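Heads up: the structure comes next, in structure tokens.
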């Protein structure tokens, strides 16, 4: 079990501090709402040697130690990049939502998606909303990210949540795949398309905007590539 200290936005201008007990972390892949586009993406990946998933969406369990709230992460390769995702959590009583980044090693991804996700930390914001406060306008929530590389800072992703499975459909799929008890589980939802393909930068910023209640959850981190010592 891992304890994380978070802030809950109560939706009325008030906030409260809480400690969540996290027992599991899972990352969802191929979580798009349009199944034809999902299959098209799977076939594209097959052409470069990536094996198709055994389920759609695909589920990639992660170590608790992968969760990070640091302002920088360390990776072992040059070809890694973030993915802005909404993130779900149930504390045993109710559901909450925030935003995180499924940072992934793209070089390893060509060989083994599970290992590509295990190779990188999973940054997560510490501000959460109650899911019930956004359910009625769920599709209007917007995921965005920005990347900074040697050419400067620019937008990397921008899409509302119509691009992804509806939240309760995703939860139903997880239960169908054997995740009967989702309490205390951090769930990374799958991501929205990039605007220009993968970019390997030095900084990643990501946010989830609620334009109806006029609020944003936002976070960022720098990416430090570890030097591998020659033998």
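In our numbering, the protein residues as written are 6 to 236. Just so you know, even glycine gets a beta-carbon here, dropped at the ideal spot from N, CA and C. All figures in this text were calculated on a predicted structure; none of them were measured in a lab.
Express the C-alpha separation of residue j and residue i in angstroms, rounding to a whole number.
{"i": "residue 207", "j": "residue 228", "result": "5 Å"}
{"i": "residue 51", "j": "residue 223", "result": "34 Å"}
{"i": "residue 200", "j": "residue 9", "result": "32 Å"}
{"i": "residue 132", "j": "residue 103", "result": "6 Å"}
{"i": "residue 29", "j": "residue 130", "result": "17 Å"}
{"i": "residue 12", "j": "residue 24", "result": "9 Å"}
{"i": "residue 72", "j": "residue 107", "result": "10 Å"}
{"i": "residue 180", "j": "residue 157", "result": "42 Å"}
{"i": "residue 44", "j": "residue 217", "result": "32 Å"}
{"i": "residue 113", "j": "residue 120", "result": "7 Å"}
{"i": "residue 145", "j": "residue 183", "result": "30 Å"}
{"i": "residue 215", "j": "residue 162", "result": "16 Å"}
{"i": "residue 187", "j": "residue 6", "result": "14 Å"}
{"i": "residue 87", "j": "residue 17", "result": "32 Å"}
{"i": "residue 21", "j": "residue 82", "result": "39 Å"}
{"i": "residue 164", "j": "residue 213", "result": "10 Å"}
{"i": "residue 140", "j": "residue 92", "result": "14 Å"}
{"i": "residue 231", "j": "residue 124", "result": "12 Å"}
State the DSSP-derived secondary structure class of residue i, mapped to helix, strand or coil.
{"i": "residue 47", "result": "helix"}
{"i": "residue 70", "result": "helix"}
{"i": "residue 41", "result": "helix"}
Can you tell me whether residue i is buried or exposed, with buried defined as 16 or more other CB within 10 angstroms of its CB?
{"i": "residue 172", "result": "buried"}
{"i": "residue 70", "result": "exposed"}
{"i": "residue 14", "result": "buried"}
{"i": "residue 194", "result": "buried"}
{"i": "residue 85", "result": "buried"}
Look at residue i and residue j and say whether their C-beta atoms are less than 8 Å apart.
{"i": "residue 101", "j": "residue 134", "result": "yes"}
{"i": "residue 122", "j": "residue 32", "result": "yes"}
{"i": "residue 105", "j": "residue 128", "result": "yes"}
{"i": "residue 241", "j": "residue 66", "result": "With the chain running from 6 to 236 in the structure shown, residue 241 is simply not present."}
{"i": "residue 225", "j": "residue 203", "result": "no"}
Can you list the alpha helix (DSSP H) stretches of 4 or more residues lying completely in the stretch 85-159, in chain order? 111-114, 118-123
Entirely within the stretch 158-231 and at least 3 residues each: give me those beta strand (DSSP E) ranges in chain order. 190-193, 208-215, 220-230
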